[in-house]
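These protein sequence lines map, in sequence, to chains D and V. Okay, so the first sequence: first residue is 431 according to our numbering, each after it adds one. Okay, so the second sequence: first residue is 955 according to our numbering, each after it adds one. Where is the CB? At the ideal position from N, CA and C, for every residue including glycine. Quick caveat, the model's predicted, so the values are computed rather than measured. Below is one structure, written out as structure tokens; comments come after it.
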Amino acid sequence: MTDEVGDGTAIFAYRAIDVPSLHALANPARFLRLARPLTPALLWPGGVLALFGCWAGLTQTPSDYLQGETVRILYIHVPTAWLGMGGWTGIAVSSIVYLVWRHPLARIAARSIALPGALFAFLCLATGSIWGRPTWGTWWQWDGRLTSMLLLFFVYLAYMALARADAEQGGDGRVPAIYGVAGTVLLPIIRYSVVWWNTLHQGQSIGLTSSTIAPSMLWPLWFTLSGFTFVFAGIVLMRMRGALAREKREARMRRMAA
Amino acid sequence: MNHWAFVAAAYVLTLAATAGLLFASWRTMRAAERDGR
């Protein structure tokens, strides 16, 4: 964009990108007004959808002609992988928002996502390992997909340690935010690991528009995917509300001590 | 090899861990909001 100075000379002027809805949400009071009713609105339907999907996946779908009953692990393994990677995407987006606009709420969001994201990354590894034993004959293999997912889990742990250390040292949150953005380099590696390397893990079988899995076996996955996603979002909101309440209390105690 | 034992282990682990985190997050939030008032 260009602006004119007094003598009529056009100069380039850089203006902050205006994102009204984002700025409105950055107000903690406004965020809490939205988060309080939204938390149960996400958790209850999410719980029902996830449990229904699990029940349907266990009882209403046929077994696989090769893998037998173990194919049913699909209905929880895929949502945990999706949320393990989606959680880090959330941390990265929140970190960018914090680095650009310095909204404290973005810092709190990133830190609130870390533990649920780490847990789901761990559950992805654990359910994959349980699935691998009867299918591949081994609990673990150092192949591209498994190793890159394990690295993501360690990256989560390092982020949590870094964020905690930053908070204890009274840091401004920039170092964990930069780390949060840098960690996104792992996401395409995980995504394309089955393409780039010859791995024991199967290639991509579910896309946005098509799938190589028969519809009669696939449908419960949409319930568990949406259900666990809603539950994940509800957990993050609860953690954000708790963090906001703690920061409010600490600020009040600092004012009283001053 | 009994496949159902592996299936059950995966489901129990995932559901128990999710429920545990849900409960822990709810307790932490309630305690923080109570102390914040």
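Asked	Found
Between the CA atoms of GLN632/D and TRP572/D - distance to the nearest angstrom	14 Å
Whole-Å CB distance - TRP561/D paired with HIS507/D, under 8 Å assumed	6 Å
PHE584/D burial status per 10 Å Cβ neighbour count (16 or more: buried)	exposed
C-alpha distance - ARG685/D paired with TRP485/D, whole-angstrom precision	52 Å
Any C-beta of chain V under 7 Å from that of GLU697/D	Beyond the ends of chain D as shown, which are 431 and 688, falls residue 697/D; an answer cannot be given.
Simplified DSSP state of SER656/D, which is helix, strand or coil	helix
Beta-carbon proximity of VAL692/D to ILE543/D, cut-off 7 Å	Any answer about residue 692/D is impossible in this case: the structure gives chain D only from 431 up to 688.
Closest by C-alpha distance to TRP627/D, when choosing among LEU496/D, THR491/D and LEU576/D	LEU576/D
For SER641/D, three-class secondary structure by DSSP	strand
Three or more C-beta pairs below 8 Å linking the segment 668-683 of chain D and the segment 458-467 of chain D	yes
Contact with chain V by ILE643/D, beta-carbon distance below 7 Å	no
Assigned exposure category for LEU496/D - 16 Cβ within 10 Å defines buried	exposed
Short CB-CB distance (under 7 Å) between ILE665/D and chain V	yes
Three-state secondary structure (DSSP) of GLY600/D	coil
Minimum Cβ-Cβ distance from MET579/D to chain V less than 7 Å	no
Contacts around ARG537/D, its chain only, beta-carbon distance under 6 Å, and the 5 residues preceding and following it disregarded	TYR528 and GLY603
Status (buried if at least 16 other CB within 10 Å, exposed otherwise) for GLU987/V	buried
Contact the segment 549-569 of chain D vs the segment 638-649 of chain D: 3+ CB pairs below 8 Å	no
Straight-line Cα distance separating LEU468/D from ALA556/D	31 Å
Where TRP474/D falls, given that 16 or more other Cβ within 10 Å makes a residue buried	exposed
Any chain D beta carbon closer than 7 Å to ALA970/V	no
Whole-angstrom C-beta distance between LEU655/D and PRO492/D, which should lie under 8 Å	Not confirmed; about 20 Å, so no contact.
VAL605/D to GLY613/D span [Cα, whole Å]	12 Å
Runs of alpha helix (DSSP H) wholly within the segment 502-573 of chain D (minimum 4 residues, chain order)	504-531 and 534-566
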